[in-house]
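In terms of the numbering used here, the numbers along the sequence shown are unbroken and rise by one, the last being 690. Just so you know, even glycine gets a beta-carbon here, dropped at the ideal spot from N, CA and C.
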Amino acid sequence: MSYVDDIDRDIYLRWLPRVETSFSILNFQMAWRQFIERFDGEIMYGIEICSDRLSRERPEKIADEKLLSNLLEKVNQLLSELDNTELDGNCGFTSMIML
Numbered sequence: 592m593s594y595v596d597d598i599d600r601d602i603y604l605r606w607l608p609r610v611e612t613s614f615s616i617l618n619f620q621m622a623w624r625q626f627i628e629r630f631d632g633e634i635m636y637g638i639e640i641c642s643d644r645l646s647r648e649r650p651e652k653i654a655d656e657k658l659l660s661n662l663l664e665k666v667n668q669l670l671s672e673l674d675n676t677e678l679d680g681n682c683g684f685t686s687m688i689m690l
């Protein structure tokens, strides 16, 4: 929201400290439900209001589909090359993330 003029950031970002706290206590032993329950209606409403304002003031550029397809093809080629390269024994993981 720092890129949007003429707003009261204290009002628009009132929900942000609670979200930052939620992420700061997040760990792998915490149940997902315990984390996600912290995002109550007030937080979600604040995020929606900011999202709406940002999409009007600073809309995201639409990526060219041909460019994205080309990048995806290159990433898949690199992953394939990595998967076929003989490195130490724990490098076969790339086949699990092929796009």
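In the structure shown, K652 adopts coil according to DSSP, grouped into three states.
For a cut-off of 8 Å, the C-beta gap from R644 to I598 is around 7 Å, short enough to register as a contact. In the DSSP assignment, L607 falls within the alpha helix (DSSP H) that extends over L607 to S615.
Boundaries of the alpha helix (DSSP H) around F626: W623 to I627. Annotated as proximal: G637 and W606, with beta-carbon spacing under 7 Å. Annotation for D601: the continuous alpha helix (DSSP H) segment containing it runs R600 to Y603.
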